[in-house]
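Position one of the sequence shown corresponds to residue 212 (this note's numbering), numbered consecutively onward.
Beta carbons: idealized from backbone N, C-alpha and C, even for Gly.
So the structure is just underneath, and the comments pick up after that.
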Amino acid sequence: MKEIRITDFENVSIGQADDQIGKTGVTVFMLGKDGMPAGIDVRGGGPASREIQLLYPMSSAQVVHAIVIAGGSAFGLDAATGVMEYLEEKGIGFDVGVTRVPLVCQSDLFDLTVGDCKARPTKQMGREACLNAGNYQDGQHGAGTGATVGKLLGMEGSMPSGIGSYAVQVGDLKVGAVVAVNALGDIYDWKTNEKIAGLRNAETGDFIDSQEVLYNRVERIDNKFVGNTTLAVVLTNGKFNKMELGKIASMAHNGYARAIRPVHTSADGDSIYAVSAGNINADIDATGELAAMVVAEAIKRAVK
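And the structure:
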């Protein structure tokens with residue numbers, strides 16, 4: 212196994228745009244002229260999404276042309292319109308005779324309490340991310356611009372996070388992940404079990420264990436604030452259909468569980484996309500386990 216770059220997947224272009232003052236942004240994955248098969252697994256209780264039904268096995272679409280992850284909560288879903296218009300101009304999309312309709316899926320995280328709550332990803336920002344294809348970098352960029360972690364006791368004890376990536380190659384098979392980490396819980400190094408980011412005492416800066424806090428708050432909270440979502444896009448050059456990719460996305464959630472505690476709560480909108488960007492004959496279980504590993508490592512790199 213060797214480490215490769217997240218940009219080493221043929222025909223996948225990743226672009227980012229953001230508002231560093233308003234603290235929000237967009238990351239776009241453009242999936243080639245003909246599109247690519249993709250699947251999804253949503254585990255969190257509060258996702259903000261657009262067109263993810265295209266990825267369900269019962270839907271007729273077999274490929275999508277782009278995936279967008281962004282900030283802005285549901286307000287940011289307009290970014291996909293800018294991506295669609297850009298791709299339409301390039302002649303990319305489903306041919307309906309009079310034009311081509313690009314199939315674009317989007318999921319958003321909640322960053323409205325970090326910068327300017329009126330700063331949201333727009334159609335123009337989505338288009339800008341397409342024009343910036345090839346500028347991907349980890350950190351507080353794109354969808355990770357306003358990301359935070361450790362919010363169980365409110366924003367006062369939270370820490371800044373970001374977007375991270377990691378990819379590996381085993382033989383001819385490549386598997387990688389990009390993760391925008393905006394979790395309610397704490398972040399752990401999946402190899403050492405060391406807590407590396409999360410809930411802190413607002414006065415001393417010392418870490419507080421979010422799981423222990425949750426264990427001691429077992430009374431029902433009816434109006435729990437839904438302000439968290441960790442979003443990932445897993446890329447592989449293995450040849451899979453969208454149903455198989457849904458399973459790979461499901462296995463990739465194990466990477467969330469290794470690195471985020473607590474995870475998949477009712478106040479998170481955790482979602483993972485998986486995309487087939489090649490024709491390598493690969494085992495679905497091996498690919499899914501590699502996906503979990505690269506997701507866990509990408510989470511670590513996002514907060515580092």
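Is it a yes or a no for the region 439–450 touching the region 397–404, going by three-plus beta-carbon pairs under 8 Å? no
Endpoints, the alpha helix (DSSP H) within which T498 is located: Looking up residue 498 in the sequence shown gives position 287. Taken as a continuous stretch (DSSP letters only), the alpha helix (DSSP H) holding T498 covers I495 to V514.
Less than 7 Å between the C-beta atoms of G373 and A509, yes or no? The residue given as residue 373 occupies position 162 in the sequence shown. The residue given as residue 509 occupies position 298 in the sequence shown. No, the Cβ-Cβ distance between G373 and A509 is not below 7 Å.
Whose CA, out of R311, D349 and T292, lies closest to the CA of K301? One-based indexing of the sequence shown puts residue 301 at position 90. Answer by Cα proximity: R311.
With 16 as the cutoff for other CB atoms within 10 Å, does E262 come out buried or exposed? Start at 1 with the first residue of the sequence shown, and residue 262 comes out as number 51. Buried: at least 16 other Cβ atoms inside 10 Å.
C-beta atoms of A228 and E339 nearer than 7 Å: On the sequence shown, residue 228 is found 17 positions in, with the first residue counted as 1. On the sequence shown, residue 339 is found 128 positions in, with the first residue counted as 1. Yes, Cβ-Cβ distance for A228 and E339 is below 7 Å.
Locate the beta strand (DSSP E) running through G236, then write down its first and last residues. If you number the sequence shown from 1, residue 236 lands on position 25. Per DSSP, G236 belongs to the beta strand (DSSP E) from T235 to M241.
Across the region 492–501 and the region 454–462, are there enough close Cβ pairs to call them in contact, namely three or more that are closer than 8 Å? yes
Pick helix, strand or coil for Y347, following the three-state DSSP scheme. As a first step, residue 347 must be located in the sequence shown, where it is residue number 136. It is coil, neither helix nor strand.
Check the Cβ-Cβ distances between E414 and every residue of chain B, and say whether any is below 7 Å. Among the chains in the structure shown there is no chain B, since it carries only a single protein chain.
Using only alpha-carbon positions, find the residue among V486, E430 and S224 that is nearest to N343. The residue labelled residue 343 in the question sits at position 132 within the sequence shown. Looking at the Cα atoms, S224 is the closest of the given residues.
Helix, strand or coil at I471 [DSSP, three-state]: One-based indexing of the sequence shown puts residue 471 at position 260. I471 falls in the strand class under three-state DSSP.
Can you look up I303 in the DSSP assignment and give me helix, strand or coil? The residue you call residue 303 lines up with position 92 of the sequence shown. DSSP places I303 in coil when its eight states are reduced to three.
Which runs of the beta strand (DSSP E) fall wholly inside the region 266–332 and span at least 3 residues, in chain order? 277–281 and 315–319
Which of the three DSSP states, helix, strand or coil, is assigned to N222? By one-based count along the sequence shown, residue 222 stands at place 11. Coil.
According to the Cβ coordinates, are D319 and A281 closer than 7 Å? The sequence position of residue 319 within the sequence shown is 108, counting from 1. The sequence position of residue 281 within the sequence shown is 70, counting from 1. In this structure, A281 lies closer than 7 Å to D319 by Cβ.
Whose CA, out of G250, K234 and G226, lies closest to the CA of K458? Taking the first residue of the sequence shown as position 1, residue 458 is located at position 247. Among G250, K234 and G226, the Cα nearest to that of K458 belongs to G250.
Could you pull the start and end residues of the alpha helix (DSSP H) that E339 belongs to? Along the sequence shown, read from residue 1 onward, the residue named residue 339 stands at position 128. First-last of the alpha helix (DSSP H) with E339: K334 to L342.
Status (buried if at least 16 other CB within 10 Å, exposed otherwise) for I303: Looking up residue 303 in the sequence shown gives position 92. Buried, by the Cβ-count rule.
Is the beta carbon of A503 closer than 7 Å to that of G480? For the purposes of this step, residue 480 is taken as the residue at position 269 of the sequence shown. For the purposes of this step, residue 503 is taken as the residue at position 292 of the sequence shown. No.
Below 7 Å CB to CB, which residues in the same chain sit around N346 once its five sequence neighbours on both sides are set aside? The sequence position of residue 346 within the sequence shown is 135, counting from 1. Counting only Cβ-Cβ distances below 7 Å, and skipping sequence neighbours, we find G226 and Q227.
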